[in-house]
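In UniProt numbering, the protein residues as written are 1 to 1200. A short worksheet on the structure shown next.
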């Protein structure tokens, strides 16, 4: 029967439910299906010359060879990537949130390979029974009833192995291995912290050695302060200098703290060549404790009287004056010329010596009370060397210098050895207060250079009596101070590139060894499998594609002896059909000649006659994928995964990761492979649904209504990849297969997206910790001077780091965290430290000042003088004595009387800026607490015209300690204050603690603040304290300090910083010395190097979108697939399809399928009009005998 309008298309079943769509019978017009000859017999089609030459494209040898080449290339590329990764410690540097751009690649490639190999598997399964029949007749279970298409491929694998159908086994194994490759490939590229060595890095240096601007007059005390901080307070040397060398520095500003750079730089090195002078001394006669005579024998001819001492050495002869002082040792340091005379009188050698020759040396002489002399003669030298400096950006003070063996020392053209010696002398001309002031009541007359030498040698007697120790100590001091002098005066800023090396920790994308080995083994096995299929795959076993209903009908149309046994069996189950043919063997026969040929299935034996099952007992086939339980899983799985992904992502976001990870354990592969395997299971689940939809697609269409051949029996979906199937389904309005194709495509993207889901990253982790306060402040202890001012001066002027438990003006009690936690943090190799933040009380010094500027007057003086000893003059021990120059005199009247006398203070200054700080105790000689002022600060500016620009601020101040709550952030385990998170003071918590008694502290406080920089414009008018206010750390320009508010604020900053050192070293007591209970504090510990498993936001959102779309596709597919009362059996075997085709005796009729049609491909079928114009349907038919049977026929079948 032919449709009156053969071009009618099937419409989309979106509007009406296909399960409830009752299609009425289509009007049929009896037409001949093919053209007839004059005898009204159908014409035979011409058969090809080679009737069994058909081979599907996936099994063609060229395609199989292509797969072999593909697997080999992938294995080679993978090996190359692995080699590059091992050689370069990774393929590239990547950020945690961008690594997925790499990880997606391998999975995507393998997903495409898997889709193509799926066709190899399908065609091998499809043609396997045909290959068996083409060899010889075989039992029906291995031929007509062999089904490798519908079962799960793992079950089909074992079935094929048991049956010896090895091509099927190979194809299925290949599929499973490629699936495994996809899972393993998700962990192929892993982001790992690695140390990258760049041996050809271009570095930038930040300075260079250049003595062209060397100015001895600019040398101040800062070079010695750097040496002093390292020796006296054990502070690290600053970057660019150490105890022996000063070196050019590399620019570290662009590197992370863990980066190490090294490059060849110029290094300054100074030294002393010393000789120990051995002497013999004759003990003189002592009269009235006065030396009568001294005889020192250096040699037999060297006799020295009491007035002069002459010492000879191989390289020098020195004659210098000597004045004895009885009964105590008298060290002496002499800068001498080797011309037989000292430069100047020894008493002023270190203070007012000036060079008068080019060959100057250093002579150290010591006499003890027994007139036993120790003498060391040294000659200075320096050299510029080449050295490789290796420095870590986060720990630059620990730079390491390595000198090549072929070093060629040189000197700077403008700098002599003497210039370096002179620089050391100038740098040691003003030493910190605790070195200069005697421990007794008087002033120690020991020359300053000796005091510098003895800093790090406590046993002074041994030092002076042992010339070898003295010599080594002198050389050590000279090297260190000379290096500091060079750092300050011989280096100039310079930004120029140099070649070097860089060792930099990076997040590197590495090829995983485990994934690499597994994938390489799989590729090798795949090559073997593919080569085996090259020889064993079924080819040329049928004349055409048997996949569609029409294709199989063409192949069996001439097999009347077989199809006759299947008449009226369309409704039977597979079990019944298999039992009927259990004793039969089936094979294929192909006959051809130049004119005609046919292909048929032959049989051996007869079918067993059995009673036909009642039509009332028919059971309808429903695959497991369409059962309610499995359909519920289709809907539940995407929802559950979306919820799990979102929950884990929220946890990862809020906690900086899902969990802590140990990078050394293989457990890291769990978060790579488990998510990938989960997504593989989901995609496999949807493949089952897709397979069901593809199998049912033509039968569902035929069951609903009569359709043309091209819409149902001449097409199939199983031989198409997902994209092709989607396009074909959309074009032909097949909703079910369109939905499942979308789900399969999206499912193929799941392993790609999940490959970048989880990464490890160093993340901060915060959790509460208990912090014990182990000390507090006790201000009732006696005030003793312990050098706190000098330590403050070092912080202000030499940029020395703050001692522990102090920061700027704040002093904190000592704290302690659990020992086990500290030990755990200490064991880490990373240079980044954890931090603990807590609220802790601190003490700070504050000033209570009265501004007396309104009582200040000025007048010109032609020649200023320092009015020492005057009742109304306040003397500053650190203010240089300036006299004989014009200036101004300022007088301040204090309306306050401590001793019944007027309180007028007078000072004289040169024109310009001036300023100093002084203690009032030196004026009143009484308890200053009764007078209400401990300190006086004077700061101002005077010009020659005494214009309004001339003004001064006079502050009378007292000090006290406050207690204040602060937010403190400590680095642990070092307990140092985190510079990146300085303490935050809560001003509203300020509480008065105690008034500071400065009675026995003031002068020593000021003496420790020596002026350090004689090259400043105001070195003669600023004392050491004001100089620190202007030029020290966070200094304020002189003009800004003319503002009274700004002056008071800066005064309090500097004073508070120094007092914080006093409170920290003197008033802080441990718990055993505190009579009250110390609190336990709660802090928040932030650990920045917790290796955490982090979930990618991009991969999470991508997976959620894919799963959401798959859920929608599943809903559409479940709604569209109609398996109810559609098929009584699984149609994936040859015999099942024959029973449906032969059930009505219509389709296999020669009038529908002419002889030789089995040799035509689909294009030729359409060209010759085979099946053209017929409408086919699936259902119930009534034959001429009135019996009902189920199958595929021409026209509209009955629904029931």
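Virtual Cβ for every residue (Gly too), placed ideally from N, Cα, C.
Which two residues bound the contiguous beta strand (DSSP E) that contains residue i?
i	result
residue 69	Element bounds for residue 69: not the beta strand (DSSP E) but the alpha helix (DSSP H), 61 to 87.
residue 990	984 to 995
residue 960	951 to 972
residue 766	758 to 773
residue 193	189 to 209
residue 417	Unbroken run through residue 417 is the alpha helix (DSSP H), 417 to 427; no beta strand (DSSP E).
residue 815	815 to 817
residue 858	856 to 861
Excluding the 5 residues flanking residue i on each side, which residues of the same chain have their C-beta closer than 7 angstroms to its C-beta?
i	result
residue 409	383, 384 and 385
residue 205	248, 249, 250, 251, 265, 494, 496 and 498
residue 212	414
residue 741	690, 722, 725, 726 and 729
residue 990	962 and 964
residue 509	90, 91, 92, 94, 99, 102, 189 and 191
Look at residue i and residue j and say whether their C-beta atoms are less than 9 angstroms apart.
i	j	result
residue 938	residue 952	yes
residue 1160	residue 544	yes
residue 1078	residue 772	yes
residue 753	residue 717	no
residue 1140	residue 1195	no
residue 133	residue 588	yes
residue 388	residue 404	yes
residue 191	residue 532	no
residue 1130	residue 571	no
residue 137	residue 603	yes
residue 674	residue 553	no
residue 621	residue 1128	yes
Where does residue i land, buried or exposed, given buried means 16+ other C-beta within 10 angstroms?
i	result
residue 473	buried
residue 217	exposed
residue 671	buried
residue 680	buried
residue 112	exposed
residue 598	buried
residue 697	buried
residue 1170	buried
residue 639	exposed
residue 558	buried
residue 854	exposed
residue 269	buried
residue 1050	buried
Residue i lies in the alpha helix (DSSP H); which residues open and close that run?
i	result
residue 523	513 to 536
residue 1164	1162 to 1168
residue 697	670 to 704
residue 179	166 to 185
What is the C-beta distance between residue i and residue j, in whole angstroms, given that I count them as a contact (C-beta under 8 angstroms)?
i	j	result
residue 177	residue 526	6 angstroms
residue 625	residue 726	The Cβ separation is near 19 angstroms, so there is no contact.
residue 1093	residue 657	5 angstroms
residue 1023	residue 835	At roughly 39 angstroms, the Cβ-Cβ gap does not stay under 8 angstroms, so residue 1023 and residue 835 are not in contact.
residue 960	residue 992	7 angstroms
residue 842	residue 812	5 angstroms
residue 1046	residue 1040	5 angstroms
residue 1060	residue 810	6 angstroms
Who are the near neighbours of residue i in its chain, counting only those whose CB is closer than 6 angstroms to its CB and skipping five residues on each side?
i	result
residue 390	262 and 400
residue 1074	776
Within its chain, find whatever has a CB closer than 8 angstroms to the CB of residue i; leave out the 5 residues flanking it on each side and keep chain order.
i	result
residue 1086	764, 765, 766, 834, 835, 836 and 837
residue 701	10, 707, 711, 712 and 734
residue 649	1095, 1097 and 1100
For chain C, is any of its Cβ atoms less than 9 angstroms away from the one on residue i?
i	result
residue 212	Of the chains in the structure shown, none is chain C; there is only one protein chain.
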